[in-house]
Amino acid sequence: MRRIILLLTWTLSFSAFAKNKSTADFYAESEALLKKATAAANFTEKQKYLKNLQSSFQASLDQYEKENPAEAKTDEKEVSLLFSTLEPAFELLNKKSVRAKECDLKRQFVLTGDSLGRPESSPQTKTAQEALRWIDVLCKNSKN
């Protein structure tokens, strides 16, 4: 029994000191997975890499929520914004194939969301650019 308690204490102490991922961590992870997805032969393989990114986001957001359920801090807000901006790309994970029209709608959704509350001539945000990159990779060779 003592061994179990020691093992649990040791395991929990490491998880308590685990560092949550920042947006910089997610951009780096996304870049690595995006390179693999770009080289992937088919749509299903590309989806696999995006699914890995989505799972990583979800685990990190869950950890943020456990640590501070009352109010999101700056890091959590930034990670959450990146996650929600990538949502149109994540929606393509449930598809067996994708049509060009659907891809255009996803791109437009990202662009519209990105432009809200900003001057008309503003450049795209980094979060929107990342979402568009994933949509472009998933939609390459899409059907009409």
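Quick note: the sequence shown uses the working numbering, first residue 16, plus one each step.
Backbone N, C-alpha and C fix where the C-beta goes; we use that ideal spot for every residue, glycine too.
Here the structure is a predicted model, which is why all the values come from computation and not from measurement.
Please list, in chain order, all residues of the same chain as residue i whose beta carbon is under 8 Å from its beta carbon, the five residues on each side excluded.
i	result
E44	K36, L68 and S71
Just to confirm my understanding: we take residue i, look at its own chain, exclude 5 residues before and 5 after, and list those with CB closer than 7 Å. What are they?
i	result
S30	Confidence at S30 is low in this model, with a pLDDT of 46, below 50, so its placement is unreliable and the value that follows should be read with caution. Nothing listed; no residue qualifies.
L147	R122 and V125
L49	R148, W149 and V152
T127	none
Check for me: the alpha helix (DSSP H) holding residue i runs from which residue to which?
i	result
L126	A115 to S130
A39	T38 to A54
Q78	F58 to E82
L153	K141 to C154
Taking a contact to mean a Cβ-Cβ separation below 7 Å, would you say residue i touches residue j in this structure?
i	j	result
V113	S75	no
L97	T38	yes
T100	T142	yes
Y42	K51	no
P103	F124	yes
D151	T140	no
E93	Y79	no
For residue i, I'd like the list of residues in its chain whose CB is within less than 6 Å of its CB, leaving aside the five on either flank, ordered along the chain.
i	result
F32	Reliability of the predicted coordinates at F32 is poor, the pLDDT of 46 falling under 50, and the value obtained from them is presented with this limitation in mind. Excluding residues within five positions, none has a Cβ falling inside 6 Å.
Can you round the beta-carbon distance between residue i and residue j to whole angstroms, since I take them to be within the 8 Å contact cut?
i	j	result
L153	K66	The pair is not a contact, with the Cβ atoms about 11 Å apart (cut-off 8 Å).
S95	A87	7 Å
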